[in-house]
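Enquirer: Chain order of the listed sequences is A and B.
Residues in the first sequence are numbered consecutively from 1, following the numbering used here.
Residues in the second sequence are numbered consecutively from 341, following the numbering used here.
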Amino acid sequence: MAGVRAAAGAAQTGITMTNVEAVRTTLHDALVRDERVLIMGEDVGARGNVFLITKGFLEEFGPQRIIDTPLAEASIVGVAIGMAMEGLRPIAEIQFADFIYPAFNQIVGEAAKIRYRSNGDYTCPLVIRTPYGGGVRGALSHSVSIEALFYHVPGLTILAPSTPADIKGLLNAAIESPDPVLFLEHKKTYRSVKGEVPAGYYTIPIGKADVKKAGSDVTVVSFGYNLHQALDAANRLEGEDVSVEVIDLRSIRPMDKTTILQSVRKTRKLLIVHEDNKFGGVGAEIAAMVAEEALFDLDAPIRRLAGPDVPAMGYALPLEEEFMISTEEMVGAMRDLAKF
Amino acid sequence: MAKTTTAGTRDLDRAGLSDERLVAMLRNMLLQRQLDNRGFQLNRQGKIPFALGSEGHEAVQAGAAMAFERGRDVLVPYYRDLGLALGVGMSPFEILSSLFARQTDRSMGRQFPNHYTNHDLGVLSISSIIAGHCTHAVGVAAAFKYRGEGGRAVLCTTGEGATSQGEWHESVNYAAVHGLPIVFLVQNNEWAISTPQDLQMRVANVADKAPGYGLPGVVCDGFSPVATYAAMNDAFVRARGGGGPTIVEAKCYRFLSHSTDDDDRTYRSREEIEERRKMDPVPRFEQVLIEAGVIDEARRKQLRADVLRETNEATDAAEAQPYPPAESLYTNVVAGDYQPWQE
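1. With a 10 Å radius around its C-beta and 16 neighbouring C-beta atoms as the bar for buried, classify glutamine 381 of chain B as buried or exposed.
2. Please classify phenylalanine 96 of chain A: does DSSP put it in a helix, a strand, or coil?
3. How about valine 647 of chain B and glutamate 398 of chain B: are their beta carbons less than 8 Å apart?
4. Closest to leucine 520 of chain B by C-alpha separation, out of B:Glu614, B:Ala657, B:Val478, B:Glu612, would be which residue?
5. In chain B, what lies closer than 9 Å to leucine 88 of chain A by C-beta?
6. Ignore the nearest five residues each way along the sequence and tell me which others in isoleucine 522 of chain B's own chain have a CB closer than 7 Å to its CB.
7. What does arginine 446 of chain B touch in chain A if you count any residue whose Cβ is under 9 Å from its own?
8. Using a threshold of 8 Å, state whether the C-beta atoms of leucine 159 of chain A and serine 243 of chain A are closer than that.
9. Answer with yes or no whether the minimum CB distance from glutamine 682 of chain B to chain A is below 8 Å.
10. Determine the DSSP secondary structure at methionine 572 of chain B, reduced to helix, strand or coil.
11. Could you have a look at cysteine 592 of chain B and say whether DSSP puts it in helix, strand or coil?
12. Let me know the beta strand (DSSP E) ranges lying completely inside the region 452-479 of chain B, each 3 residues or longer, listed in chain order.
13. How about aspartate 601 of chain B: is its Cβ closer than 7 Å to a heavy atom in the ligand ATP?
14. Answer with yes or no whether the minimum CB distance from alanine 342 of chain B to chain A is below 8 Å.
15. Cβ atoms of proline 565 of chain B and glycine 379 of chain B: under 8 Å apart, would you say?
16. Are the C-beta atoms of methionine 83 of chain A and some chain B residue less than 8 Å apart?
17. Does the Cβ of asparagine 172 of chain A have 16 or more other Cβ atoms within 10 Å, making it buried, or fewer, making it exposed?
18. In angstroms, rounded to a whole number, what distance separates the CA positions of methionine 341 of chain B and glutamine 527 of chain B?
19. Any beta carbon from chain A within less than 8 Å of glycine 584 of chain B's own beta carbon?
20. Using the Cα positions of alanine 6 of chain A and glutamate 60 of chain A, report the straight-line distance between them to the nearest angstrom.
21. To be precise: take each residue of the region 310-331 of chain A, compare its Cβ to all Cβ atoms of chain B, and keep it if any distance is under 7 Å. Which residues remain?
22. Starting from the Cα of glutamate 329 of chain A, find the closest Cα among A:Phe183, A:Lys278, A:Leu305, A:Lys194 and give me that residue.
23. Specify the secondary structure class of leucine 186 of chain A as computed by DSSP and reduced to three states.
24. How far does the beta strand (DSSP E) with glutamine 106 of chain A in it reach, from first residue to last?
25. How do the region 126-142 of chain A and the region 66-86 of chain A stand: do at least 3 beta-carbon pairs fall below 8 Å, yes or no?
26. Please tell me whether aspartate 166 of chain A has its Cβ less than 8 Å away from any Cβ of chain B.
27. In three-state DSSP terms, what is alanine 550 of chain B?
28. Output yes if chain A places a C-beta closer than 8 Å to the C-beta of leucine 392 of chain B; else output no.
29. Taking isoleucine 66 of chain A as the reference, which of A:Arg89, A:Ile39, A:Ile91, A:Gly109 has the closest Cα?
30. With DSSP collapsed to three states, give me the class of glycine 427 of chain B.
31. With distances taken from CA atoms, which of B:Cys592, B:Ile587, B:Ala425 is nearest tryptophan 508 of chain B?
32. Quick one, are the C-beta atoms of lysine 339 of chain A and leucine 298 of chain A less than 8 Å apart?
33. Touch check for the region 87-95 of chain A and the region 32-46 of chain A: three-plus C-beta pairs under 8 Å?
34. Exposed or buried, phenylalanine 484 of chain B, counting other C-beta atoms within 10 Å across all chains shown (16 or more means buried)?
35. Evaluate glutamate 185 of chain A with the Cβ neighbour count: other Cβ atoms within 10 Å of its Cβ, from every protein chain shown; 16 or more gives buried, anything less gives exposed.
36. Of the residues B:Glu500, B:Ala405, B:Arg442, B:Arg354, which one's Cα is nearest the Cα of alanine 654 of chain B?
Spelled out as structure tokens, the structure:
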């Protein structure tokens with residue numbers, strides 16, 4: 001973990017770092033910048049979080065700001081809601097996204113509705129961070145994607161950035177947000193994805209997608225680990241003279257209509273890729289929006305590549321591999337659409 | 341076992357309260373009773389869709405509110421806390437604006453009746469999901485402690501049914517572990533809609549659960565405002581001084597159905613209610629103050645007339661207000677204009 005330790009404060013100088021280092025340095029800088037910021041969750045103190053994201057924070061900021069909570073997710077979120085209503089800026093951590101279900105009521109029934117139900121008399125500036133996603137031998141309860149369970153809920157903001165620079169800018173935006181934000185970090189990208197991070201404090205606007213690769217034949221919309229596979233697939237197809245535009249969704253609620261429509265009207269073909277199962281997933285909303293707004297601009301049916309409709313990925317390697325979308329499948333889908 | 345405190349009646353145990361404050365508690369109780377009746381009347385007249393009464397809780401709430409320090413403490417109520425809302429400074433006009441769902445309601449007619457919010461007075465916005473608010477109360481108390489705001493405490497209230505919820509347990513446990521400035525007031529009226537206490541818990545008193553959290557638990561006579569004040573004041577003083585949380589259980593009774601949509605004849609006997617009505621805390625406390633010479637018969641009549649007039653005026657004023665405009669449905673989802681699809 002030497003690399004993780006060395007990364008503390010690196011955002012000030014602008015260097016290449018992994019996704020997990022981006023989370024760590026951004027949290028660290030927020031704690032330095034704003035005394036209202038607290039971090040609370042299971043094992044965030046002495047252990048420094050199970051991915052070592054907060055390692056050393058307890059010593060630096062003390063137990064009043066780095067709070068090892070009792071092992072109870074509903075109250076991790078609920079107590080953070082009360083702190084936020086009282087003017088603090090808590091960052092609550094759910095150790096794995098799979099463990100967020102006990103806090104569902106607090107997120108959906110409470111946090112998302114506080115501004116609305118009080119007509120602005122109270123607000124809930126809360127960030128809930130959680131690692132999600134599979135491909136790490138996490139089996140049924142350390143692998144799930146949860147965005148579809150929450151993206152139906154007005155009042156919530158859901159962010160799922162995929163690169164270190166986007167993590168920094170959007171985590172800063174989440175902490176600045178006057179409303180509750182669910183911040184999703186794909187755990188398979190924590191150490192496998194590296195990138196350049198600009199120096200100094202900055203935010204990225206919530207609700208803006210990013211064209212990670214420009215192209216003219218097919219539009220791909222994705223996020224998380226899949227986004228990086230889609231970029232690989234698109235690069236491979238360069239050799240076949242197929243030009244793929246890859247859009248990183250980044251913000252799941254709200255979503256960026258403009259960027260998606262501009263791209264689709266140019267390429268006239270759309271592929272949506274996400275790890276969660278297809279039925280009722282984020283791709284369904286994107287496909288419906290494009291069908292409503294740009295059906296007659298399309299030259300091919302909208303295509304979705306998504307996880308299988310089973311409760312979860314299994315522990316055994318073949319079961320996990322069968323669940324996860326392969327880069328080869330993405331290459332095939334992009335090629336088929338380009339030829340359509 | 342939990343410590344029990346009870347107030348004497350004929351020899352007035354005033355728990356240090358002046359005549360003025362004793363009368364203020366009685367006035368609060370009379371106003372609660374009058375507003376409760378008004379809510380049910382307006383519902384039966386077809387003027388409002390729903391009302392929910394706190395009859396039987398008047399003494400608990402008058403006493404607890406007297407221990408609450410306005411401008412410092414924060415109230416995180418539940419939905420049967422009319423007397424606490426009044427006792428911390430909300431007006432009958434606000435209550436009736438909520439019942440009529442008028443534009444003058446703080447939520448602008450969004451919230452169900454009895455779901456108060458008043459940030460200026462330190463009354464936290466709540467949902468109807470039982471015990472979910474207890475975690476928020478703990479968060480407010482944690483913020484007080486984090487900012488070093490000694491001398492402030494949070495009052496978190498529930499009924500006894502809420503103590504079956506995981507979030508009540510999580511809240512009490514969290515507050516205990518962190519030694520937070522909070523008082524958990526459990527208003528035990530014996531019924532959670534139709535479910536009696538013995539189907540909620542094995543123990544005789546909610547306060548008996550307190551030792552399991554390493555906390556003091558106190559049972560008080562919730563039909564006596566003085567006894568409730570005494571127990572609550574001790575708990576508040578302890579919390580404000582850094583002594584941590586207390587669970588106070590006030591034994592009371594729910595005289596009315598759960599709400600205007602409930603019919604309690606389907607699950608409890610008329611005899612049970614009649615028996616408990618004999619101990620009705622409102623006439624009982626009037627009598628206590630008369631026998632102690634704090635008020636006379638003329639003052640009692642005057643107080644009753646005052647709260648009736650106040651209730652009538654607030655009813656007329658609230659009813660005359662407009663509904664919120666339909667377009668207001670779309671505001672305050674998040675800060676600023678909000679569209680799930682961003683142009």
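We treat Cβ as the ideally placed atom computed from N, Cα and C, and that holds for glycine.
Expert: Let's see:
1. Looking at its Cβ environment, which holds fewer than 16 other Cβ atoms inside 10 Å, glutamine 381 of chain B is exposed.
2. coil
3. no
4. Considering only alpha carbons, the answer is B:Val478.
5. Gly479, Ala482, Ala483, Tyr486, Arg487
6. Ala477, Val478, Ala481, Ala493, Val494, Cys496, Ala515, Ala579, Pro585
7. Those within 9 Å of arginine 446 of chain B in chain A are Ser118, Asn119, Asp121.
8. no
9. yes
10. helix
11. coil
12. none
13. Questions concerning the ligand ATP fall outside what the structure shown contains, since it holds no ligand whatsoever.
14. At alanine 342 of chain B the pLDDT is 49, less than 50, meaning the model places this residue with poor confidence; the figure from the coordinates comes in the next sentence. Cβ-Cβ to chain A under 8 Å: no for alanine 342 of chain B.
15. With respect to proline 565 of chain B, glycine 379 of chain B sits apart: the two C-beta atoms are not nearer than 8 Å.
16. yes
17. buried
18. In this prediction, methionine 341 of chain B has a pLDDT of 44, which is less than 50 and means its spatial position is unreliable; what the coordinates show is noted afterwards. Each residue's alpha carbon lies about 18 Å from the other.
19. Taking Cβ atoms only, chain A never reaches closer than 8 Å to glycine 584 of chain B, which makes this a no.
20. Only weak support exists for where alanine 6 of chain A lies, its pLDDT of 37 falling under 50; the coordinates are left without a value.
21. none
22. That would be A:Leu305, whose Cα lies nearest to the Cα of glutamate 329 of chain A.
23. The residue asked about is misnamed: residue 186 of chain A is histidine in this sequence, not leucine. DSSP, reduced to helix, strand and coil, places histidine 186 of chain A within a strand of the structure shown.
24. Counting along the chain, glutamine 106 of chain A falls outside any beta strand (DSSP E), and DSSP gives it neither H nor E.
25. yes
26. no
27. The three-state reading of DSSP puts alanine 550 of chain B in helix, counting H, G and I together.
28. no
29. A:Ile39
30. helix
31. B:Ile587
32. no
33. Contact holds: three or more Cβ-Cβ distances are below 8 Å.
34. Under this definition phenylalanine 484 of chain B is a buried residue.
35. buried
36. Of the listed residues, the one whose Cα sits closest to alanine 654 of chain B is B:Arg442.
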